[in-house]
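Below: one structure, written as structure tokens.
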Amino acid sequence: MAVVALRNVVKHYDGEPALQGIDFETRDGEFFILLGPSGAGKTTTLKVIAGLEDIDSGDVLFDGTVVSSVPTNLRHVGMAFESYALYPLFTVFENIANPLRAPGKNLSESEINDRVTKMAKLLRIDHLLDRRPGELSGGQKQRVSLGRTMVGEPSVYLLDEPLTHVDAKIRFDLRIQFHRLEELQKSTTIYVTHDYVEALSLGDRIGIINEGRILQVGTPKQIYYTPKNMFIAHLVGQPPINFLDATIETDGQVSWLHIPKGHFTFPLTQERMKALEQAGAPRQLIVGVRPADIHITKTTEDAPVSAKCDVFEPLGSVGLLSVMINNDLNLEMLVDPESSLDPDMEFGITFRDDRLLFFDPATENNLLWSE
1 MAVVALRNVV KHYDGEPALQ GIDFETRDGE FFILLGPSGA GKTTTLKVIA
51 GLEDIDSGDV LFDGTVVSSV PTNLRHVGMA FESYALYPLF TVFENIANPL
101 RAPGKNLSES EINDRVTKMA KLLRIDHLLD RRPGELSGGQ KQRVSLGRTM
151 VGEPSVYLLD EPLTHVDAKI RFDLRIQFHR LEELQKSTTI YVTHDYVEAL
201 SLGDRIGIIN EGRILQVGTP KQIYYTPKNM FIAHLVGQPP INFLDATIET
251 DGQVSWLHIP KGHFTFPLTQ ERMKALEQAG APRQLIVGVR PADIHITKTT
301 EDAPVSAKCD VFEPLGSVGL LSVMINNDLN LEMLVDPESS LDPDMEFGIT
351 FRDDRLLFFD PATENNLLWS E
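Residue numbers (full-length UniProt numbering): 1 to 371.
And the structure:
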């Protein structure tokens, strides 16, 4: 295992910034996720760690030792990139076994066979061992590439979107297997994805990256429930979080939020109001409320807000409900898929107060965020 650290790493391509002061550190044996949209700098970060790309400034460290000038073959990393990079004339077995036959490995053919077979079974490609890459689908090639990376037991795994082209059912099964995989538990893993579900389900911690910068590092719960800014709040969650322009109102004893678009108010607890005052929150702010934190009440009298059903979509385990408030504001909610909801049906809704997020309109930062 190894602790991987990047210290203020800067990288340009043709004068354009790709990494703008990347700074983070994994823990020994950690499954660390880099989550961000396309073009955020995720793959470039992995290539820098692997030594496949030089850096303009900053440092890459393994276990506290600067390795920025160390060749790739001496960094003891295993890489699986989205491009597969399989040997076209080798069988699947030979592709996976290739790292085990590297100089210095000294493994018997029996040991190689056992390790390749075990890895192929885990990735559900054991029936493909005699085929060549040209006979495989994209998802199968990706699993072969992943198997070749994992079978070598390096100190650090670098996995770039390894499940992107894999069928949904197999992708779900592989996420479960990743938690159990002894090889990954013995090493530090840095896993790149744009899929927040993968990030939340797999990561010990998650680093949010965008435009070549690390925006926040935290546990899945920290990233989801206390995002540092509006970008992160929107990135993590589906359907996306609802953002509402709001104004804080108070009479000295009771405080509430006024939502101009939608023409409604709802109360703020004293605890919330005190926290916002201590944070120096502006009177006008942006409230974030996730679809799962809006709830239907039995009657409109029980709720501070009256809403009307616009569109209801049962989606298997959940129902996606779009509501209109005073024919002016649309909100997305998650509800029971068995709910009896018809277009234009009216009902009351409430917001889970302890899950509300408050953002500064000028900076888009979470007003109540802390390290």
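Even glycine gets a Cβ: it sits at the ideal position worked out from N, Cα and C.
- In this structure, Ala275 sits away from Ile259, with a CB-CB distance that is not shorter than 9 Å.
- Contact annotation: Val144 and Ile125 have beta-carbon atoms nearer than 9 Å.
- Straight through space, the alpha carbons of Val217 and Leu128 are spaced by roughly 39 Å.
- Note: Pro220 is not bridge-paired with any residue in the DSSP secondary-structure output.
- One alpha carbon belongs to Phe347, the other to Ala362, and they sit about 34 Å apart.
- Here Asp204 is near Thr219, since their CB atoms are less than 9 Å apart.
- At a cut-off of 4 residues, the continuous stretches assigned as alpha helix (DSSP H) that sit fully inside the stretch 83-115 are 92-97.
- Runs of the alpha helix (DSSP H) lying entirely within the stretch 31-78 and spanning at least 4 residues, in chain order: 42-50.
- For Gly58 against Asn8, the beta-carbon gap comes to about 4 Å, under 8 Å, which counts as contact.
- For Gln278, the uninterrupted alpha helix (DSSP H) segment begins and ends at 270-278.
- Contact check between the stretch 67-79 and the stretch 20-31: fewer than three CB pairs, one atom from each, fall below 8 Å, which does not count as touching.
- Between Leu244 and Val305, the beta carbon gap of about 11 Å keeps them out of contact (Cβ cut-off 8 Å).
- Leu46 sits buried, since 16 or more C-beta atoms from the chains shown fall within 10 Å of its C-beta.
- Contact annotation: Leu107 and Asn95 have beta-carbon atoms that are not nearer than 9 Å.
- Residue range 230-235 is occupied by the alpha helix (DSSP H) that includes Met230.
- As computed with DSSP, Thr250 is found in a beta bridge with Ser255.
- Here Val151 is near Val116, since their CB atoms are less than 9 Å apart.
- For Arg148, the enclosing alpha helix (DSSP H) stretches over residues 138-151.
- For Arg75 against Gly39, the beta-carbon gap comes to about 26 Å, at or over 8 Å, which does not count as contact.
- The DSSP-derived three-state label of Val166 is coil.
- If you draw a straight line from the Cα of Thr72 to the Cα of Gly138, it is about 27 Å long.
- Counting C-beta atoms within 10 angstroms of its own C-beta, Thr193 has 16 or more neighbours from the protein chains shown and is therefore classed as buried.
- Here Arg355 carries a helix assignment [DSSP, helix/strand/coil].
- Partner residues in the beta bridge of Tyr157, as assigned by DSSP, are Gly78, Thr189.
- Per DSSP, the beta bridge partners of Gln20 are Val10.
- The three-state reading of DSSP puts Gln238 in coil, since its state is none of H, G, I, E or B.
- In this structure, the alpha-carbon of Pro267 lies about 14 Å from that of Phe358.
- For Ser201, the three-state secondary structure derived from DSSP is helix.
- Residues of the same chain with a CB within less than 6 Å of the CB of Arg355, apart from the 5 flanking positions on each side, are Asp293 in chain order.
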